[in-house]
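Visitor: Those protein sequence lines, which keep their order, are chains F and Z.
Heads up, the first sequence is in my numbering, so the first residue is 19 and it goes up one at a time.
Heads up, the second sequence is in my numbering, so the first residue is 19 and it goes up one at a time.
Protein chains: 2
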Amino acid sequence: MTEKSTKDKILDAAEAQFARHGFDGVSARDIARSASVDPALVNYHFGNKRAVFDAVMLRRAEVLNNERQQALDFVLRRHHPNPAPLDEIIDAFTHALLNRAQTGGQEWRDYFALLGQINNTPEFGGSIMTQFFDPLVHRFLDALRATLPEADEADLMWCYHFLSGALTLTFAATGRIDSLSNGLCKSTDFDEVHKRLVPFICAGFRSMCGPEVGPIQES
Amino acid sequence: MTEKSTKDKILDAAEAQFARHGFDGVSARDIARSASVDPALVNYHFGNKRAVFDAVMLRRAEVLNNERQQALDFVLRRHHPNPAPLDEIIDAFTHALLNRAQTGGQEWRDYFALLGQINNTPEFGGSIMTQFFDPLVHRFLDALRATLPEADEADLMWCYHFLSGALTLTFAATGRIDSLSNGLCKSTDFDEVHKRLVPFICAGFRSMCGPEVGPIQES
DNA sequence: AATGAAATTCATCACGTGTTGAAAAAGTTT
DNA sequence: AAACTTTTTCAACACGTGATGAATTTCATT
């Protein structure tokens, strides 16, 4: 392992702290202490605390958006000129995320936990999510519209909203389902979630935005 | 309108502030200022800041839990000895919440926004939600098991988890769907959500935990 | 080895934090 | 009216906050 730069040490520490305590629950000194770095370096490298937060959000968002974009393009191309099957679109939307959460280590889990908080927070939920993820989301919505041509636009948007809520609560991994299920289900077992999330969400979409069209029906 | 007690003024102000900025984003002085009250009164009446937070959470949780309990009992009794239909159970779970959010005024909307945050927060999501809502949730899970007798236990729990996520993102009302839909959908139009949430979630449950049994199938 | 830029340390600023205790005021009971 | 309790006010506490500027060290380039 090549040794980390100070900037990366700060980013990593900030990510972990923000994920656990939220933006306002963490001080610049907390971050510096957690990164084993002088407090002034936080401001030297990033300007201010909020800029650290934005940098944390941006870093992995770029990676994820590329992966998800490619997954969607792959699915669309494979079925072209027919619309892609619903479950493949939903899978392309979720797979990169849940796969990283499962196998990416604590750093990725921290990032997703942070995402889960952000999405449900008035100060950030509207702006940050929009800023980092809306362009990609619009592409997925286009794919969904092609597959569900009879879908009412508002229905489609609310279905996406439900998907977003189910997904981000999963990311938050608060441990609630662990206690609620007496340990049967584990918040951090994202593979188990993925197996169930895709069919659950697809069924929801179909019930409201169906019928689904595609190559299967036309053969 | 009878004039508010100091304690209620503090609770109301705290609720609004916590909903907007989270626990750590609000100081005891912020609350006092927003309540037009001397800062020392916050500690005089509640002991410390965290106790204010807990009091805010508890106040409306009791009201809601009673309403939802009654709604569930009513549905179960009406269909006894048959299991209640899935959609009626889900409606009993969500109706009191979304109805209050729609018609209860800003104070209730603040409370739900706070709930939406809490549920996705590691520090509170596990403990506070469990503390205030688990007994009721277990009753709903029992009703679901009766209606979906073939359901795998883990499947059922994850389906509930998806419901919880979709619901609490709705409560958070971050305005994201407003911008994502170019104003077609409004975060605060909880009636529109309710219309769609119940069938969406029911379809999800059925696809994974079905088949549903009940009086209709047996006639 | 000398030079200049980048990175790091340290002390410090003005202000906000949660909380407390003593004094004053308001309200209640005898 | 007197005695008592509850509530409110005000000042203060020790400490943490985000951020800055000057001095120092580290480093790469000549």
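Cβ coordinates follow ideal geometry from the N, Cα and C atoms, glycine included.
Would you check if the distance between the CB atom of Leu187 of chain Z and the CB atom of Gly193 of chain F is smaller than 8 Å?
Guide: As a position in the second sequence, residue 187 of chain Z is number 169, starting the count at 1. As a position in the first sequence, residue 193 of chain F is number 175, starting the count at 1. Not a contact, by the Cβ cut-off of 8 Å.
Visitor: On the three-pair Cβ rule with 8 Å, is the stretch 102-115 of chain F touching the stretch 153-172 of chain F?
Guide: yes
Visitor: Interface residues of chain Z around Ala238 of chain F at Cβ under 9 Å?
Guide: Since the first residue shown for chain F is 19 and the last is 237, residue 238 of chain F is missing from the structure and cannot be characterised.
Visitor: Can you give the Cα-Cα distance for Gln87 of chain Z and Trp126 of chain F, rounded to whole angstroms?
Guide: By one-based count along the second sequence, residue 87 of chain Z stands at place 69. By one-based count along the first sequence, residue 126 of chain F stands at place 108. Counting only the Cα atoms, Trp126 of chain F lies some 39 Å from Gln87 of chain Z.
Visitor: From Asp91 of chain Z to Arg47 of chain Z, what distance separates their C-alpha atoms?
Guide: Stepping through the second sequence from its first residue, residue 91 of chain Z is reached at position 73. Stepping through the second sequence from its first residue, residue 47 of chain Z is reached at position 29. Distance between the alpha carbons of Asp91 of chain Z and Arg47 of chain Z: 43 Å.
Visitor: Which residue wins for smallest C-alpha separation from Lys27 of chain Z, given the options Z:Phe41, Z:Phe64 and Z:Arg224?
Guide: The residue you call residue 27 of chain Z lines up with position 9 of the second sequence. When each option's Cα is compared against that of Lys27 of chain Z, the closest is Z:Phe64.
Visitor: So, does the stretch 204-222 of chain Z touch the stretch 215-229 of chain F, judging by three or more C-beta pairs under 8 Å?
Guide: yes
Visitor: Assign Gly143 of chain F to one of three DSSP states: helix, strand, or coil.
Guide: Translated into positions along the first sequence, residue 143 of chain F becomes position 125. DSSP places Gly143 of chain F in helix when its eight states are reduced to three.
Visitor: Do you know how far the Cα of His212 of chain Z is from the Cα of Arg96 of chain Z?
Guide: Locating residue 96 of chain Z in the second sequence gives position 78, where the first residue counts as 1. Locating residue 212 of chain Z in the second sequence gives position 194, where the first residue counts as 1. Rounded to the nearest angstrom, the two C-alpha atoms are 22 Å apart.
Visitor: I'd like to check one pair, Pro99 of chain F with Gly232 of chain F: are the Cβ atoms closer than 8 Å?
Guide: Numbered from 1 along the first sequence, position 214 holds the residue referred to as residue 232 of chain F. Numbered from 1 along the first sequence, position 81 holds the residue referred to as residue 99 of chain F. No, these two residues do not count as a Cβ contact at 8 Å.
Visitor: Whole angstroms are fine: how far does the CA of Ile195 of chain F sit from the CA of Gln149 of chain Z?
Guide: Stepping through the second sequence from its first residue, residue 149 of chain Z is reached at position 131. Stepping through the first sequence from its first residue, residue 195 of chain F is reached at position 177. Approximately 13 Å between the Cα atoms of the pair.
Visitor: Please state whether DSSP places Asn83 of chain F in a helix, a strand or coil.
Guide: Your numbering for residue 83 of chain F matches position 65 in the first sequence. Asn83 of chain F: helix per DSSP, three-state reduction.
Visitor: For the stretch 215-226 of chain F, which residues have a CB atom closer than 9 Å to at least one CB atom of chain Z, in sequence order?
Guide: Leu215, Pro217, Phe218, Ile219, Cys220, Ala221, Gly222, Phe223, Arg224, Ser225 and Met226
Visitor: Using only CA atoms, which one of F:Ala34, F:Arg214 and F:Ala53 lies nearest to Cys177 of chain Z?
Guide: Here residue 177 of chain Z corresponds to residue number 159 of the second sequence, with the count starting at 1. Of the candidates F:Ala34, F:Arg214 and F:Ala53, the one whose C-alpha sits nearest the C-alpha of Cys177 of chain Z is F:Arg214.
Visitor: Can you give me the C-alpha to C-alpha distance between Phe142 of chain Z and Pro101 of chain F, rounded to a whole angstrom?
Guide: Along the second sequence, read from residue 1 onward, the residue named residue 142 of chain Z stands at position 124. Along the first sequence, read from residue 1 onward, the residue named residue 101 of chain F stands at position 83. So the two alpha carbons sit approximately 42 Å from each other.
Visitor: Would you mind sorting Ser237 of chain Z into buried or exposed? The rule is 16 or more other CB atoms within 10 Å of its CB.
Guide: On the second sequence, residue 237 of chain Z is found 219 positions in, with the first residue counted as 1. Note on Ser237 of chain Z: pLDDT 42, under 50, position unreliable in the model; the coordinate value appears next. It is exposed - the Cβ of Ser237 of chain Z has fewer than 16 other Cβ atoms within 10 Å.
Visitor: State yes or no: is the C-beta of Gly32 of chain Z within less than 8 Å of the C-beta of Val81 of chain Z?
Guide: For this step, residue 32 of chain Z is matched to residue 14 along the second sequence. For this step, residue 81 of chain Z is matched to residue 63 along the second sequence. According to the sequence as given, residue 32 of chain Z is Ala; it is not Gly. It is not a contact, given that the beta carbons lie outside the stated cut-off.
Visitor: Is it buried or exposed, Gln35 of chain F, if we count other Cβ atoms within 10 angstroms and call 16 or more buried?
Guide: Mapped onto the first sequence, residue 35 of chain F falls at position 17. For Gln35 of chain F, the number of other beta carbons within 10 angstroms of its own is at least 16, and it is reported as buried.
Visitor: May I have the straight-line CA-CA distance separating Ser23 of chain Z from Lys204 of chain Z, to the nearest angstrom?
Guide: By one-based count along the second sequence, residue 23 of chain Z stands at place 5. By one-based count along the second sequence, residue 204 of chain Z stands at place 186. Distance between the alpha carbons of Ser23 of chain Z and Lys204 of chain Z is about 34 Å.
Visitor: Once DSSP output is grouped into helix, strand and coil, what is the label at Phe71 of chain Z?
Guide: Here residue 71 of chain Z corresponds to residue number 53 of the second sequence, with the count starting at 1. Here Phe71 of chain Z sits in helix by DSSP.
Visitor: Look at the alpha carbon of Pro229 of chain F and the alpha carbon of Phe151 of chain F, and state the distance between them as a whole number of angstroms.
Guide: In the first sequence, residue 229 of chain F corresponds to position 211, counting from 1. In the first sequence, residue 151 of chain F corresponds to position 133, counting from 1. Between Pro229 of chain F and Phe151 of chain F, the C-alpha separation is close to 28 Å.
Visitor: Hey, would you say Asp72 of chain F sits closer than 8 Å to Gly43 of chain Z, going by beta carbons?
Guide: What you label residue 72 of chain F is simply residue 54 of the first sequence in a count that begins at 1. What you label residue 43 of chain Z is simply residue 25 of the second sequence in a count that begins at 1. For Asp72 of chain F and Gly43 of chain Z, no; Cβs fall outside 8 Å.
Visitor: If you draw a straight line from the C-alpha of Gln120 of chain F to the C-alpha of Gly134 of chain F, how long is it?
Guide: Residue 120 of chain F sits at position 102 when you count from the first residue of the first sequence. Residue 134 of chain F sits at position 116 when you count from the first residue of the first sequence. When rounded, the distance between both Cα atoms is 15 Å.
Visitor: How long is the line joining the alpha carbons of Ile107 of chain F and Ala164 of chain F, rounded to whole angstroms?
Guide: Translated into the one-based positions of the first sequence, residue 107 of chain F becomes position 89. Translated into the one-based positions of the first sequence, residue 164 of chain F becomes position 146. Whole-angstrom Cα-Cα distance: 11 Å.
Visitor: Can the beta-carbon of Pro167 of chain Z be found closer than 8 Å to that of Arg38 of chain F?
Guide: Along the second sequence, one-based indexing puts residue 167 of chain Z at 149. Along the first sequence, one-based indexing puts residue 38 of chain F at 20. Result no, Cβ atoms of Pro167 of chain Z and Arg38 of chain F do not sit closer than 8 Å.
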